[in-house]
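Quick notes on the structure that follows.
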Amino acid sequence: MRAAVLREIGGETLEIVDDVTVGELGPTDVKVDIKATGVCHSDLHAMKGDLPQGAPFVPGHEGAGVVSEVGSAVTRLSVGDHVVVAWSPPCGQCVACVDQKSPHLCIMIQFAIAGVPRFKEGGTDLFGMAGTGTFAEQLIVPQEAAIKIDDDVPFEIASLIGCGVTTGVGAAINTAKVEPGSTCVVFGCGGVGISVIQGCRVAGAAAIVAVDLNDEKLEMAKRFGATHSVKPDGLDALKGEVTGMAGGFDYAFEAIGLPQTVRAAYDAVRRGGTAIVVGVGNMGQTVEFNMFELFFQEKTLKGSYYGSADVRSDFNRFLRLWKAGKLDLEGMISQRITLDDVNDAIQKMKRGEVIRSVIEL
Ligand code: APR
Ligand code: ZN
Ligand code: ZN
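Going by this note's numbering, the sequence shown opens with residue 3, and the numbers climb by one from there.
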């Protein structure tokens with residue numbers, strides 16, 4: 003089958019190869035024929051080494067498709083089921099899943115699959131991005147990592163649910179729990195940031211300010227619910243205008259992954275406000291806070307991992323919001339491409355030109 007392969011971490015270009023095979027189907031695994039997969043900035047983070055990742059590997063972690071084979075002990079899925087791939091599914095039994103009621107923080111399955119090659123190319127083992135690897139025509143995952151959805155959802159829409167939409171909408175609804183009437187600012191208007199904006203809108207935010215370097219993105223953000231948009235250097239003035247006596251936003255979301263924008267998100271919220279870090283940064287980078295502000299400002303700085311979502315229920319919850327016309331997912335697809343154009347899509351993402359490129363397989 004065809005797949006895109008990165009030979010070594012730090013490499014810039016994916017090679018499109020024809021002779022990749024999937025590994026063996028274990029008793030609790032399912033084989034998924036991938037039909038659509040989004041290109042997410044985290045793929046680039048894995049390629050660059052910001053995210054720990056074995057190599058060579060097949061990138062892609064935002065995918066949807068059809069179950070084409072099930073292992074002998076699979077109980078949850080049947081051949082023909084339409085599914086969204088979850089790159090960090092809960093095992094349902096561990097301390098994080100049960101005692102801490104944080105299924106999104108379960109690492110049992112992800113740790114088990116990320117370290118095991120998912121594919122072969124001739125005699126060479128290939129890892130998959132975060133244990134998945136959706137830039138391939140087929141993929142084997144544990145049954146927990148394939149979430150059944152309705153058959154009438156187009157695959158390109160379903161694919162976005164697998165990462166960007168869940169990460170962004172979940173950050174607003176699950177992690178921050180934005181209340182009606184809140185004021186929000188969102189740094190970064192890629193697929194994740196646009197999803198945060200939509201999540202804030204669904205939650206009933208009164209003001210949603212979009213921040214990006216790219217003028218087109220700022221214009222686009224308004225289609226998804228941003229009430230204002232501004233380049234980083236104009237934010238301070240706009241903050242005063244929008245939040246007035248409150249002195250800052252109730253919620254700030256960083257959806258880029260840079261130290262300076264995490265710092266800016268912390269600065270943008272009012273005393274007692276909450277800054278949420280959604281973007282993925284490099285382990286070598288740090289953000290500074292002074293001792294006085296940490297105490298005096300009483301702000302909350304909180305990470306958001308996979309939208310703090312329980313993929314078992316949230317994937318379909320977000321699809322219900324899409325069906326009800328409350329999430330615009332069609333509008334997030336900037337271009338539909340084939341696997342051959344994946345490198346061009348990555349370049350466009352690097353330049354901040356697209357919300358999402360979706361590869362149709
Ligand atoms: N200030 C403001 N906007 C910026 C800046 C900056 N310094 N640098 C980049 N941007 C904008 C880009 O113009 C682009 O619109 O941030 C946006 C990032 O979008 P994408 O590259 O499409 O990334 P996305 O897939 O949305 O992911 C964003 O969330 O889950 C994480 O790993 C992901 O770290 C990544 C982040
Ligand atoms: Zn678990
Ligand atoms: Zn992603």
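All residues carry an ideal CB built from backbone N, CA and C; glycine is no exception.
Under the three-state DSSP convention, the category Y268 falls into: In the sequence shown, residue 268 corresponds to position 266, counting from 1. Helix, per DSSP.
With burial defined as no fewer than 16 other Cβ atoms inside 10 Å of the residue's Cβ, what is the status of K241: buried or exposed? Taking the sequence shown and counting its residues from 1, the one referred to as residue 241 is at position 239. By the 10 Å Cβ count, K241 comes out buried.
Measuring CA to CA, which of H84, D316 and D127 is closest to E26? The sequence position of residue 26 within the sequence shown is 24, counting from 1. Measuring from the Cα of E26, the nearest candidate turns out to be D127.
So is A212 buried or exposed if we call it buried at 16+ other beta carbons inside 10 Å? Looking up residue 212 in the sequence shown gives position 210. A212 is buried by the Cβ-count criterion.
Would you check whether ligand 1 has a heavy atom nearer than 8 angstroms to the C-beta of D214? What you label residue 214 is simply residue 212 of the sequence shown in a count that begins at 1. For ligand 1, at least one heavy atom lies less than 8 angstroms from the Cβ of D214.
Can you say whether G281 is buried or exposed, counting buried as having 16 or more other CB atoms within 10 angstroms of its CB? Taking the sequence shown and counting its residues from 1, one reaches residue 281 at position 279. Buried is the call here.
Which term fits A266, buried or exposed, when burial requires 16 or more other beta carbons within 10 angstroms of its beta carbon? Counting from 1 along the sequence shown, the entry for residue 266 is found at position 264. It is buried - the Cβ of A266 has at least 16 other Cβ atoms within 10 Å.
Range covered by the alpha helix (DSSP H) that runs through Q337: For the purposes of this step, residue 337 is identified with residue 335 of the sequence shown, where counting begins at 1. First-last for Q337: I335 to I339, but that is the beta strand (DSSP E), not the alpha helix (DSSP H).
Mind checking I109: buried by the 16 CB within 10 Å criterion, or exposed? Against the sequence shown, residue 109 aligns to sequence position 107. That one is exposed.
For D31, write down the residues that DSSP places opposite it in a beta bridge. Counted from its first residue, the sequence shown places residue 31 at position 29. D31 is bridged by DSSP to P144.
N- and C-terminal bounds of the beta strand (DSSP E) containing H230: Taking the first residue of the sequence shown as 1, we reach residue 230 at position 228. H230 to V232 is the span of the beta strand (DSSP E), which, as asked, contains H230.
Please tell me whether I185 and V244 are closer than 9 angstroms, where the distance is taken between their beta carbons. Taking the sequence shown and counting its residues from 1, one reaches residue 185 at position 183. Taking the sequence shown and counting its residues from 1, one reaches residue 244 at position 242. It is worth fixing the name first, because residue 185 is Thr in this sequence and not Ile. Going by C-beta atoms, T185 is nearer than 9 angstroms to V244.
Report the residue ranges of all beta strand (DSSP E) runs contained in full by the stretch 44-86; include only those spanning at least 3 residues, in chain order. Taking only runs of at least 3 residues, the beta strand (DSSP E) segments lying wholly in the stretch 44-86 are 65-72.
Proximity of A88 and F317 at Cβ, strictly below 9 angstroms: Sequence index remark: in the sequence shown, residue 88 carries index 86 (1-based). Sequence index remark: in the sequence shown, residue 317 carries index 315 (1-based). Yes, the Cβ-Cβ distance between A88 and F317 is below 9 angstroms.
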